[in-house]
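Trainee: Numbering (my numbering), first residue to last: 16 to 434.
Pasting a structure below so you can have a look.
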């Protein structure tokens with residue numbers, strides 16, 4: 016908890032200082048905040064020498080153990096429902112919770128398992144980040160990309176915070192308001208996610224403890240689920256920034272061939288620097304896909320399950336309150352996949368724009384070797400990079416339509432089983 020408060024104090028002081036430059040941490044503060052609230056520090060920034068304490072690690076262990084405890088309760092409920100052929104609709108809803116929790120846990124494990132590679136990625140991106148002087152910051156247009164990152168992070172993070180607050184408070188308000196405000200004798204105690212527990216929680220003090228455990232598990236799953244996505248968005252936006260800057264440099268390059276002594280040699284040196292910069296950016300995308308390939312694949316698997324189960328629930332006739340909850344979950348799952356596809360497509364477009372920049376530059380006065388090097392740069396740029404969900408899927412906007420088709424097919428199968 017002290018680490019979380021220290022992080023919030025640091026962000027508050029930064030805003031008060033009205034910094035004249037943007038650094039790497041400005042892009043990463045929101046995913047780091049969500050990770051810290053559940054006891055995770057995914058990487059160490061060069062600007063921070065803070066070490067992870069044993070209490071902070073214990074805080075994470077408690078969160079993770081509680082998450083798996085609630086997961087076991089959910090699996091038990093679904094197994095009993097199918098064995099006894101009852102509560103089919105509730106079991107379908109619980110299965111969407113199970114998918115969400117399993118993927119959140121696996122994403123936490125995947126990021127932790129890739130911690131060395133993630134640290135290496137952070138070191139490389141920090142090293143490539145524009146210098147702090149105003150001239151370089153304006154050339155890279157860092158403020159514009161930071162503003163885009165904040166809009167996406169705040170919108171996406173806020174949507175999932177609204178989701179978890181709604182699901183965590185809905186059930187308790189259904190009991191507290193009728194019971195304590197209207198003094199209704201018919202007020203029933205219900206759980207936010209699953210009624211199964213190893214003890215009897217009905218009409219005694221254990222109800223509140225069990226409710227807090229399930230609500231905390233929901234928050235842990237939400238943070239584990241979205242923090243990796245927010246990191247991906249922040250990394251991709253920075254890589255796009257580098258591609259756009261490289262394209263500007265190529266267009267603005269001035270050919271000195273025959274205009275000055277040794278002009279062609281200087282032209283070649285300038286081009287070689289840009290080629291090395293291009294290779295460095297491509298290397299960043301390779302490391303990024305290596306680190307986040309598994310979480311990306313898990314995203315598509317979980318969101319497909321959530322969309323088809325939630326869509327099925329919304330077609331069987333529920334109360335307006337239940338329908339609103341399901342609609343919020345459906346919007347959250349769909350927006351997650353859309354943003355991943357959107358940023359991957361933006362990465363494709365930014366990497367492909369290098370070939371257009373080569374064509375648009377004033378290359379006609381250049382000598383033969385210079386032109387040949389430009390051809391190689393353009394050929395490499397015509398093989399654009401993208402986010403890859405391991406070896407199974409290269410993500411683009413076309414993937415969004417594939418995702419919707421697959422979710423609809425699963426929905427039809429469940430609908431047929433129910434009928």
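Positions of the beta carbon are idealized from the N, C-alpha and C atoms, including for glycine.
Keep in mind it's a predicted model, so treat the numbers as computed, not measured.
Pick helix, strand or coil for residue 38, following the three-state DSSP scheme.
Mentor: Looking at residue 38 - three-state DSSP - the assignment turns out to be coil, as it is neither helix nor strand.
Trainee: Put residue 259 into one of helix, strand or coil per three-state DSSP.
Mentor: Helix.
Trainee: Exposed or buried, which one is residue 277 when buried takes at least 16 other CB atoms within 10 Å?
Mentor: Flag for residue 277 reads exposed.
Trainee: Take residue 152 and list the residues in its own chain whose beta-carbon comes closer than 6 angstroms to its own, dropping the five residues that flank it on each side.
Mentor: Cβ within range, chain order: 36, 145.
Trainee: State the CB to CB distance for the pair residue 228 and residue 85, rounded to an integer number of angstroms; the pair is presumed to be in contact (CB under 8 angstroms).
Mentor: Between residue 85 and residue 228 the Cβ distance is about 7 angstroms, and since that is below 8 angstroms, they are a contact.
Trainee: Keeping to the same chain, check which residues put their C-beta closer than 6 angstroms to that of residue 250; ignore five residues upstream and five downstream.
Mentor: Closer than 6 angstroms at Cβ, skipping near neighbours: 303.
Trainee: Under three-state DSSP, which class holds residue 291?
Mentor: Residue 291 falls in the helix class under three-state DSSP.
Trainee: Here's a check: name, in chain order, each residue in its chain whose Cβ is nearer than 6 angstroms to the Cβ of residue 178, leaving out the five neighbours to either side.
Mentor: Hits under 6 angstroms: 343, 347.
Trainee: So if DSSP puts residue 409 in a beta bridge, which residue, or which two residues, is it bridged to?
Mentor: DSSP lists 403 as partners of residue 409.
Trainee: What residue range does the alpha helix (DSSP H) around residue 151 cover?
Mentor: Start and end: 149-155.
Trainee: Pick from 300, 328, 186: whose alpha carbon is nearest that of residue 404?
Mentor: Ranking 300, 328, 186 by Cα distance to residue 404 puts 300 first.
Trainee: I believe residue 134 touches residue 58 by the beta-carbon criterion, under 8 angstroms. Please report the beta-carbon distance rounded to the nearest angstrom.
Mentor: Going by Cβ atoms, the distance from residue 134 to residue 58 rounds to 5 angstroms, so yes, they are a contact pair.
Trainee: Using the C-alpha atoms, what's the distance from residue 374 back to residue 266?
Mentor: Taking the straight line from one Cα to the other gives about 8 angstroms.
Trainee: For residue 51, count neighbouring C-beta atoms within 10 Å of its own C-beta (all shown protein chains included) and say buried if the count is 16 or more, exposed if not.
Mentor: The residue is buried, with at least 16 neighbouring Cβ atoms inside 10 Å.
Trainee: Excluding the 5 residues preceding and the 5 following residue 172 in the sequence, name in chain order all residues of the same chain whose CB lies nearer than 8 angstroms to its CB.
Mentor: Same-chain partners within the cutoff: 45, 49, 241, 245.
Trainee: Let me know the secondary structure DSSP gives residue 228 once reduced to three states.
Mentor: Helix, per DSSP.
Trainee: Using a Cβ-Cβ cutoff of less than 7 angstroms, which residues in the same chain neighbour residue 421 once the five nearest sequence positions on both sides are dropped?
Mentor: Cβ neighbours of residue 421 beyond the five flanking positions: 319.
Trainee: Are residue 286 and residue 388 closer than 9 angstroms when you measure CB to CB?
Mentor: Yes, these two residues count as a Cβ contact at 9 angstroms.
Trainee: Would you please state the rounded distance, in angstroms, between the beta carbons of residue 264 and residue 289? I believe it to be under 8 angstroms.
Mentor: That belief holds up - the Cβ atoms of residue 264 and residue 289 are roughly 6 angstroms apart, short of 8 angstroms.
Trainee: At what residues does the alpha helix (DSSP H) containing residue 141 begin and finish?
Mentor: Unbroken alpha helix (DSSP H) run through residue 141: 130-143.
Trainee: Measuring alpha carbon to alpha carbon, tell me which of 363, 192, 247, 185 ends up nearest residue 233.
Mentor: Of the listed residues, the one whose Cα sits closest to residue 233 is 185.
Trainee: Going by alpha carbons, who is nearest to residue 305 out of 70, 103, 129?
Mentor: Per the Cα distances, 129.
Trainee: Residues in the same chain with beta-carbon distance under 7 angstroms from residue 340, minus the five sequence neighbours each way, listed in chain order, please.
Mentor: Around residue 340: 181, 182, 185.
Trainee: Check whether the stretch 322-340 and the stretch 356-363 touch, using three or more Cβ-Cβ pairs below 8 angstroms as the test.
Mentor: No: the two stretches stay apart, fewer than three of their Cβ pairs being nearer than 8 angstroms.
Trainee: Would you say the stretch 348-355 touches the stretch 383-400, given that touching needs at least three Cβ pairs under 8 angstroms?
Mentor: Output reads no: the stretch 383-400 does not touch the stretch 348-355.
Trainee: Less than 9 angstroms separating the beta-carbons of residue 225 and residue 214?
Mentor: Going by C-beta atoms, residue 225 is nearer than 9 angstroms to residue 214.
Trainee: Three-state secondary structure (DSSP) at residue 285?
Mentor: Residue state, collapsed to three classes: helix.
Trainee: Considering only their Cβ atoms, is the gap separating residue 324 from residue 108 smaller than 9 angstroms?
Mentor: Closer than 9 angstroms, so yes.
Trainee: Would you decide whether residue 400 is buried or exposed? Buried here means 16 or more other CB atoms lie within 10 Å of its CB.
Mentor: Buried, since its Cβ has 16 or more Cβ neighbours within 10 Å.
Trainee: Whole angstroms are fine: how far does the CA of residue 397 sit from the CA of residue 98?
Mentor: So the alpha carbons of these two residues sit roughly 55 angstroms apart.
Trainee: Could you tell me the boundaries of the alpha helix (DSSP H) in which residue 333 lies?
Mentor: That residue, residue 333, is in no alpha helix (DSSP H); it is neither H nor E in DSSP.
Trainee: Residue 417: which of 189, 81, 315, 295 sits nearest, CA to CA?
Mentor: With distances taken between Cα atoms, residue 417 lies closest to 315.
Trainee: Do the CB positions of residue 176 and residue 89 come within less than 9 angstroms of each other?
Mentor: No, the Cβ-Cβ distance between residue 176 and residue 89 is not below 9 angstroms.
Trainee: If you follow the alpha helix (DSSP H) that residue 387 is in, where does it begin and where does it stop?
Mentor: Unbroken alpha helix (DSSP H) run through residue 387: 383-396.
Trainee: To the nearest angstrom, report how far apart residue 40 and residue 162 are at their CA atoms.
Mentor: Distance between the alpha carbons of residue 40 and residue 162 is about 14 angstroms.
Trainee: Along the chain, where does the alpha helix (DSSP H) containing residue 89 start, and where does it finish?
Mentor: That run of the alpha helix (DSSP H) goes 69-98.
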